[in-house]
Amino acid sequence: MRRETMPRPQEPIRWVVKLDRVPGWQQNCWIEPIGAGVHGKDYFLRVNPLPMMLMGDARNPPDYGRIMLCRDGRMQAWLGLYVDGRRGFSEREQAELARVATQLAAPLRLAAVLEGSPALPSLSPRQTEIIMRVSRGMTNKQIARDLDISPATVKTFLERLFRISKARNRIALIRWWQGAGGPDLLAD
Numbered sequence: 001m002r003r004e005t006m007p008r009p010q011e012p013i014r015w016v017v018k019l020d021r022v023p024g025w026q027q028n029c030w031i032e033p034i035g036a037g038v039h040g041k042d043y044f045l046r047v048n049p050l051p052m053m054l055m056g057d058a059r060n061p062p063d064y065g066r067i068m069l070c071r072d073g074r075m076q077a078w079l080g081l082y083v084d085g086r087r088g089f090s091e092r093e094q095a096e097l098a099r100v101a102t103q104l105a106a107p108l109r110l111a112a113v114l115e116g117s118p119a120l121p122s123l124s125p126r127q128t129e130i131i132m133r134v135s136r137g138m139t140n141k142q143i144a145r146d147l148d149i150s151p152a153t154v155k156t157f158l159e160r161l162f163r164i165s166k167a168r169n170r171i172a173l174i175r176w177w178q179g180a181g182g183p184d185l186l187a188d
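FYI, full-length UniProt numbering numbers position 88 of the sequence shown as 88, with every residue one higher than the one before it.
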């Protein structure tokens, strides 16, 4: 099917993220929204059918990843990649795309430093996964089981996060993260 003949969505595509206040954990890094739980596996069936028309069908929706380049929490540019949902992104592709995100975000970080803006904390993908689960109220054991790592590894990551944030407990850690642009999951 040619692009010109493809049916267009009848309604505007709904964004899950507010583009003028992107959560810190989604800024300037490689994110796979379906894998991260931002979108359900049926996202392309319900919300944005265009990639389905281009790459998939109802049985095999595509998977996708994105880099949202942000400044002061506001999206400046968006780069998205779609792959066959049956294979997903390989570890090598994920590593390369994370590197690309870091390189693309470097000028934004430099501009923030030059302007004296407070820099957002730079967390690794694993630190982000752990702090997201902490903010949902999960215990170390639950986080370990969810991420398929040991509770000792979770503890090590949390100790590092406590040092970075200077937080004394989980609530203070979550508040620190929210202050840096992370989602306010405690309000729900």
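C-beta: ideal position from N, C-alpha, C; glycine also.
When the options are compared against residue i, the one with the closest alpha-carbon
| i | options | result |
| --- | --- | --- |
| K41 | P62, N28, Q27, R21 | P62 |
| G179 | P107, E91, G85, D72 | D72 |
| R175 | R92, S135, E91, R160 | S135 |
| L19 | N60, Q94, R74 | R74 |
| H39 | W177, Y64, W30 | Y64 |
| I164 | I131, M138, D148, G137 | I131 |
| L110 | V83, A36, C70, W30 | C70 |
Euclidean distance between Cα positions of residue i and residue j
| i | j | result |
| --- | --- | --- |
| I143 | Q26 | 20 Å |
| L123 | G88 | 24 Å |
| A101 | R21 | 19 Å |
| I34 | Y43 | 8 Å |
| R168 | F162 | 7 Å |
| P107 | N28 | 11 Å |
| Q76 | M68 | 8 Å |
| G60 | K166 | The sequence shown places Asn at residue 60, not Gly. Whole-angstrom Cα-Cα distance: 45 Å. |
| A152 | N140 | 8 Å |
Residue range of the unbroken alpha helix (DSSP H) whose run includes residue i
| i | result |
| --- | --- |
| D146 | 140 to 147 |
| W176 | 170 to 179 |
| V134 | 125 to 135 |
| G37 | Counting along the chain, G37 falls outside any alpha helix (DSSP H), and DSSP gives it neither H nor E. |
Buried or exposed (CB count within 10 angstroms, at least 16 for buried), residue i
| i | result |
| --- | --- |
| T128 | buried |
| residue 253 | For the chain, the structure presents residues 1 to 188; residue 253 sits outside this window and is missing. |
| S150 | exposed |
| E32 | buried |
| G24 | buried |
| L173 | buried |
| I171 | exposed |
Enclosing beta strand (DSSP E) for residue i [first to last residue]
| i | result |
| --- | --- |
| V83 | 74 to 83 |
| G24 | G24 -> no beta strand (DSSP E), and no H or E assigned at all. |
| R163 | R163 -> not in any beta strand (DSSP E); alpha helix (DSSP H) instead, spanning 151 to 165. |
Any non-hydrogen atom of the ligand ATP closer than 7 Å to residue i Cβ
| i | result |
| --- | --- |
| R163 | The ligand ATP is not part of the structure shown, which contains no ligands of any sort. |
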